[in-house]
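Encoded as structure tokens, the structure appears first; notes follow it.
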Amino acid sequence: MRRRTGRLTAATAVAVFALGAGLAAPAPHSAAAAPPDRVTHEAAPADHCRGQCADILPPGQNGNATLVQILAHQLFGTRPAHSSDQLARYDSLTGGYGGLTDAALTEFFNDASFGVPEDQVESVTRPRNDVTITRDKKTGVPHIKGDTRYGTAFGAGYAAAQDRLWMMDLFRHIGRGSLTSFAGGALANQAMEQQFWPQAPYTEADYRSQIERIRQTEGARGELAMADAQAYVDGVNAYRKAAKDGRYFPGEYVLTGHVDAITNIGEIKPFSLTDLIAIASVVGGQFGGGGGGEVQAALSLLAAQQKYGVVEGTRVWESFRQREDPEAVLTVHDGTRFPYATRPENPRGAALPDPGSVVPEQLVYDRTGSAGTGAKSPVRAPELLRPAQGIYDDGVLPPGALDPRRGMSNALLVSGAHTASGHPIAVFGPQTGYFAPQLLMLQELQGPGISARGVSFAGVGMYVQMGRGPDYAWSATSAAQDITDTYAVELCAPDGGVPDKQTADHYLHRGRCTPMEKLERRNAWKPTVADSTAKGSYRMQVWRTEYGMVTHRATIDGAPVAYTSLRSTYRHEADSIIGFQLLNDPSYVTDAASFQQAAHHIDYAFNWFYADSRTAAYFNSGMNPVRAEGVDPALPVRAEEAYEWRDFDPAHNTAAYTPFAEHPQSAGQDYYISWNNRQAEGYAAAGFGFGSVHRGDLLDDRVAALVARGGVTRASLTRAMAEAGLTDLRGEQLLPELLAVLRSQPVTDPRLDAVVRQLESWRAAGAQRKETTQGSRRYAHADAVRTMDAWWPLLIEEQFKPGLGEELYGAFTANLAVDESPAARHGAAGAHGGSAFQYGWWGFADKDLRQVLGERVEGPLARTYCGGGSLTACRDALLTTLGQAAATPATEVYPGDDDCAAGDQWCSDALVHRPLGGITHPAAHWQNRPTYQQVVEFPSHR
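In terms of the working numbering, the sequence shown opens at residue 220 and continues consecutively.
Quick look at the structure:
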């Protein structure tokens, strides 16, 4: 999103300089940021990486900016120190990976060694006498060393507030469903709180209950975790108070009306332990969920049955659902099976709605003013603040910026038997989007029972969540296995009458007509300097049942029901703290097996990867509920005791969960890849799109080839990642089949033949979306890329819609979007989000085209669709749509937005760090790559 740049006037410039002088405005990372003590730099702890660990997290470490710094940025384009100094290195890998060597890695990554060399110390802050925060000159990353456990966690909280205070405040309000009241009523802010709050609506008592449950059920580890969390909060609040008193707090507090710029009157509200739960609910819901969507799946099944009949319609639907596609890329590829969430042989309890009866549950009520309209009413801002006026008019983040379907993270690991050194190598990291500041924050923690460097989500960083220890490193990708189910609760009336489908607030629970619990959030806002949205308000309302939150209403055989969503991690957002505590404790994690046990304590659905000097390993975490026999997890199920999760206790949302041994896991496999693909044989996909073509194939093909050659190095594995991150999945995996159909007969139209030749040339060159030369901002094979972008949605519709029919085609596209290219703004990542090619019809198209070509297909679609199964008719359809695509001008394929002019192909793809505050950053070359990334190879072990 482009932020306004204020027009410089002499009076404004003078006022900014005067304000800067009056406020002193010390840099948040300087020793003046707190009562400082310069201390002698202590030797770093034992580090077995020996200079062979590297990491990167653009745009930069510093995510706070004072009001003076924001105004200076708006007027002059300057940025605070360390706010953007990792972006250029991250960006430059796109042009520099081809000749990459191990020695050159630090040109593109940070040195991730423990400690800071004496001559590289930029500042040392001592917020308490038992902790020091040392920042290095190159990146400003905080290296926190505590003499006590409390001091270590306190220092982590203090450093987090130094770097992310405003962002942490935003996210506690997003989690609590009160973003508009805090940051303004922009439509995007309304949409964001409406997206997140219904997923985890809690009362304050609910938050406190989670904290107490950890203390009571997790023993000494639980007590320690809560003590660490409290120390972290204390550190956050210590900096919050110091920054407010010293007037070097983030300037967004002024622009949103919380603090007066001149008098300093106003409040930055203290943080609490319950705020950490609210933040964790956002992070977990965004990156660690899985399953759900059963109502929409039921609708597409009904559409298939209505078109083809129950038996054939079900067969067609299952072939698109692809729960266990035999051609899907897997992380555990040695044939080991881990059966979970599979289709039962004799399904029972399914709760399919009556056709046409499903309506979404209403969330928003009692709108006033600008609620739902976004009408603007700019305030009369002081001259001083006008350069930053309206920076939040489009919201703190654009719509869809935190879509839970966003593709998350990749990992490439090779075991020592196939590396040049004989030690495992890992290139891995989370793909969490591009924000300014970043959602993640780099830090090093050294203290009693803690030794780690890596990233944590801001606001819950008492431990490193992905990173490295003294002689091991770990990372994660989102797993998205099925930990969320949909139940159909039968509505009832307490007086015994007939319930109204739309208004009934009672349901049958184990034979009793039980009242639903109403949860509400009332928000009101008024215009500020930052957000000109006019005064408005509304009320959000969610009905909570023992089977989760109501999401839809419908009828089944004429009887009114409510569909509810039950996630196994609901009421357990904080429980995973134990697993992260263990990962940071080198006395616990000593090898691959102990790492897997630590990861098992994490309840969210993640794929965890590990490397030390001896072993590469993998483990899939998550609270996988044990379902009743015969229940189909892909569809809604009746809310009856016979179909509940085994040992289900609704009071605390607990159940029986699959044991450690049943989670996909491996140690010592020749290599591992993950790009949010399926985990292992038998482990059924929780949604559509896990078929014969997946973006994981871009990694798997390359890493398998490296392993076959042997002698893998950190550089060669990084090159494989970088090359995959610039490759168009459709061009590499689908274009050969498309060309085979097109070339099955001579292309006699010279214009179309020229287009086909362009596509062939692009495919032969690697099907990349890459600049001609670094900095040219023009793609090589630009016309072929444009043609593919225009062609794909046209060809998919022409390939499938005639055979499926409009209703079923529409239902399937509601289950799975057709396209997610970097330029497809309707994709889960939205515009400029980086992550691409996770969700799309590539697997469907691949199988169908091979069926048309007469090739062998394992797990085929139930029918052949392109051209009705005729190669000639399919070819005609492809040629027709190809001609339409080739004639589509670039200005229509790339229509432009606030960041890019219409027709600018490079810019349309480009990474744009979406600002959560007043500092923006230049666009960077598109990469389908982890946001935070490690490259590690340990030559020794304890």
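Just so you know, even glycine gets a beta-carbon here, dropped at the ideal spot from N, CA and C. Keep in mind it's a predicted model, so treat the numbers as computed, not measured.
So, using beta-carbon positions, are Pro420 and Gly396 closer together than 8 Å?
-> Result yes, Cβ atoms of Pro420 and Gly396 sit closer than 8 Å.
Please go through the same chain and pick out, in chain order, the residues whose beta-carbon is closer than 7 Å to the beta-carbon of Arg375, but skip the five residues on each side of it.
-> It is worth fixing the name first, because residue 375 is Ala in this sequence and not Arg. Contacts found: Ile363, Tyr451, Gly454, Gln662, Leu664, Gly680 and Met681.
Hey, how far is the Cα of Trp1125 from the Cα of Pro346?
-> 46 Å
What beta strand (DSSP E) runs, 3 residues minimum, are completely inside the segment 497-582?
-> 556-559
Which residue spans inside the segment 734-802 form an unbroken alpha helix (DSSP H) run of at least 4?
-> 796-802
Reducing DSSP to helix, strand and coil, say where Phe825 ends up.
-> strand
Determine the DSSP secondary structure at Val708, reduced to helix, strand or coil.
-> Of the three classes helix, strand and coil, the one that applies to Val708 here is strand, per DSSP.
Can the beta-carbon of Asn826 be found closer than 8 Å to that of Gln884?
-> no
Starting from Arg672, follow the beta strand (DSSP E) in both directions and report where the run begins and ends.
-> Ile669 to Phe676
With 16 as the cutoff for other CB atoms within 10 Å, does Thr747 come out buried or exposed?
-> buried
Just checking my contact of Ala835 with Ala692 at CB under 8 Å: how many whole Å lie between their CB atoms?
-> Wrong, their Cβ atoms sit about 10 Å apart, outside the cutoff.
What runs of the beta strand (DSSP E), each 3 residues or longer, lie entirely inside the segment 276-334?
-> none
Quick one: is Ala402 buried, meaning 16 or more other Cβ sit within 10 Å of its Cβ, or exposed?
-> Counting C-beta atoms within 10 angstroms of its own C-beta, Ala402 has 16 or more neighbours from the protein chains shown and is therefore classed as buried.
Can you give the Cα-Cα distance for Ala243 and Ala378, rounded to whole angstroms?
-> For Ala243, the predicted model reports a pLDDT of 47, less than 50, meaning its position is unreliable and no value from the coordinates is stated.
Does DSSP put Pro247 in a helix, a strand or coil?
-> Only weak support exists for where Pro247 lies, its pLDDT of 44 falling under 50; the value from the coordinates is given anyway. Judged by DSSP in its simplified three-state form, Pro247 adopts coil rather than helix or strand.
Sort Trp1060, Ile1015 and Arg933 by Cα distance to Gln1152 and report the nearest one.
-> Arg933
Start-end ranges of the beta strand (DSSP E) lying completely within the segment 890-924, minimum 3 residues = 890-893 and 900-902
The beta strand (DSSP E) spanning Val1155 covers which residue range?
-> Taken as a continuous stretch (DSSP letters only), the beta strand (DSSP E) holding Val1155 covers Gln1152 to Val1155.
Could you have a look at Thr703 and say whether DSSP puts it in helix, strand or coil?
-> strand
Residue interval of the alpha helix (DSSP H) (run including Met387) = Arg368 to Arg395
Pick from Ala407, Leu918 and Asp1008: whose alpha carbon is nearest that of Tyr891?
-> Leu918
Exposure of Tyr472, with buried meaning 16 or more beta-carbon neighbours within 10 Å | By the neighbour-count criterion, in which a residue is buried when 16 or more other Cβ atoms sit within 10 angstroms of its Cβ, Tyr472 is buried.
Return the chain-ordered list of same chain residues with a C-beta closer than 6 Å to the C-beta of Ser769, the five sequence neighbours on each side being excluded.
-> Per the sequence shown, residue 769 should be read as Val rather than Ser. So the qualifying residues of the chain are Glu580, Trp762, Ala781 and Thr783.
Residue environment, Arg599, which counts as buried when at least 16 other CB atoms sit within 10 Å = exposed
Look up Asp719 in the DSSP assignment and say whether it is helix, strand or coil.
-> coil
The beta strand (DSSP E) enclosing Asp355, as first and last residue numbers = Val350 to Asp355
Between the segment 581-590 and the segment 749-760, do three or more beta carbon pairs fall short of 8 Å?
-> yes
Going straight from the alpha carbon of Val615 to that of Pro1134, what length do you get?
-> 7 Å
Rounded Cβ spacing between Pro852 and Asp1067 (contact assumed at less than 8 Å) = Incorrect: roughly 27 Å between the Cβ atoms, too far for contact.
Among Arg740, Ala939, Gly593 and Ser538, which has the Cα closest to the Cα of Thr320?
-> Ala939
With distances taken from CA atoms, which of Gly314, Asn456 and Leu971 is nearest Thr992?
-> Measuring from the Cα of Thr992, the nearest candidate turns out to be Gly314.
Where do the ends of the alpha helix (DSSP H) carrying Lys460 lie?
-> Gly438 to Gly465
Leaving aside the five residues before and after Arg1148 along the sequence, list all residues of the same chain whose C-beta is less than 6 Å from its C-beta, in chain order.
-> Non-local beta-carbon contacts of Arg1148 in its own chain, meaning distances under 6 Å to residues more than five positions away in sequence, involve Gly944 in chain order.
Beta-ladder partner(s) of Lys595, from DSSP = Thr752
Per DSSP, what kind of secondary structure is Ala836 in: helix, strand or coil?
-> strand
Euclidean distance between Cα positions of Arg605 and Leu286 = 12 Å
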